[in-house]
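Student: Sharing a structure, written as structure tokens. Questions coming.
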Amino acid sequence: MLNICRALRFRMLLDRKQLPLGGLFPITLCHNFFVRTLPLMVGELSYIALLRRHLKIPVSEGVRSLFEARLFDLQFVIVGGTFGLLTLGREPTGYVLAVLALAGGLIIANRVLFTVLPKGIGRIWTCIVRIYPWRHTALLDSAGHKLGEVSLQLDRFRCLRPLLKALTVSLCTYGINVSCHLLLLSTLNVNQRLSVLLVVISIVMIAAWFPFSLSGFGVIEGSWAASLVMFTDMEVGAALSVGFFIHCCQVLMTSLLGLLGFVLLTSRVRERLMPARKQTQKRVPTS
């Protein structure tokens, strides 16, 4: 379900309703695998390359949709952690007010962000062009054209309807991701208040984006240990064991799904090549 929501969000951010979900879903699986396993965030580039190779989508659209997806992910991780901090030690009856306040603040912040961001990209590029000594190279002109396209596409989120659609799908993605973490924690008998676990999970999610490790090993276990010890008073050894177990489960599942995505992509390539091969065989004269 998590990867289906990610694929749906990518299709919505690409603004291509006719794009088949069957073609985007295996790309999402492979992209998630490369992000989990390759160091220095190199795996993020696989999404752009796979879109270009299998769906013929321009690089600028791949970069823009990936940037937007990560931007919405970061927002919900911050909002989830903030919600947990605001409701620490409070009764569940106080959750409603916190949810309403954060939802309103999120919408307002996004309206401001997507009003300022397109203009900011244009101004930053103008400054770069002024500083850069070779102003009229083909590479520079091409990059400026691509950034202009990205700015125009970002500008569409100034309208409330596409913004709410993007926030809704991102909320579903975040909710399923958090639910998976909560399920794994419950199997390990880590039973704490929801607000506490939200703070812990948010810290781990942010730490997972740090590109200074291979497959996240070390960073993710350390973030689990630090956050569990800080907010649940768990012993360091037990917290490290919890973090290592959860991370191993995630890597294993991501690897299996990545293999599935590779198989699906390979089968789609073969299906596209079969008609061409049949036509070639028909053209070969028989003796």
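Heads up, the sequence shown is in numbering that gives the first Met the number 0, so the first residue is 0 and it goes up one at a time. The beta carbon of each residue, even a glycine, is placed where N, CA and C say it ideally should be. This one's a predicted model, so the numbers in the text were calculated from it and none came from an experiment.
Classify residue 19 as buried or exposed, calling it buried when 16 or more other Cβ atoms lie within 10 Å of its own Cβ.
Tutor: Exposed, by the Cβ-count rule.
Student: Please give me, in chain order, every unbroken run of the alpha helix (DSSP H) with length at least 4 that falls completely inside the segment 232-271.
Tutor: Listed in chain order, nothing qualifies, since the segment 232-271 has no complete alpha helix (DSSP H) run of 4 or more residues.
Student: Considering only the alpha carbon of each residue, which of 224, 39, 45 lies closest to residue 30?
Tutor: Nearest C-alpha to residue 30: 45.
Student: Using a threshold of 8 Å, state whether the C-beta atoms of residue 86 and residue 97 are closer than that.
Tutor: Yes; because the gap between Cβ atoms is below 8 Å, this pair is in contact.
Student: Just to confirm before moving on: does the CB-CB distance between residue 48 and residue 27 stay below 8 Å?
Tutor: No, these two residues do not count as a Cβ contact at 8 Å.
Student: Nearest-angstrom Cα distance between residue 255 and residue 17?
Tutor: Going by the C-alpha atoms only, they are around 28 Å apart.
Student: Can you look up residue 61 in the DSSP assignment and give me helix, strand or coil?
Tutor: In the structure shown, residue 61 sits in a helix (DSSP, three-state: H, G or I).
Student: In chain order, what residues of the same chain have a beta carbon less than 6 Å from the beta carbon of residue 275, not counting five sequence neighbours either side?
Tutor: Low local confidence applies: a pLDDT of 47 at residue 275 is under 50, so the model's placement there is unreliable, and no value is given.
Student: Compare the C-alpha of residue 119 against each of 150, 193, 105, 107 and name the closest.
Tutor: Residue 119 has its Cα closest to that of 150, out of 150, 193, 105, 107.
Student: On a CA-only basis, which of 24, 203, 168 is nearest residue 180? Give me that one, please.
Tutor: Measuring from the Cα of residue 180, the nearest candidate turns out to be 203.
Student: Alpha carbon to alpha carbon, what distance is there between residue 249 and residue 62?
Tutor: Whole-angstrom Cα-Cα distance: 26 Å.
Student: On the DSSP letters alone, give me the boundaries of the alpha helix (DSSP H) that residue 56 sits inside.
Tutor: Residue 56 -> no alpha helix (DSSP H), and no H or E assigned at all.
Student: Spatial neighbours of residue 152 within its chain, please: C-beta separation below 8 Å, excluding the five flanking residues on both sides.
Tutor: Hits under 8 Å: 14, 60, 63.
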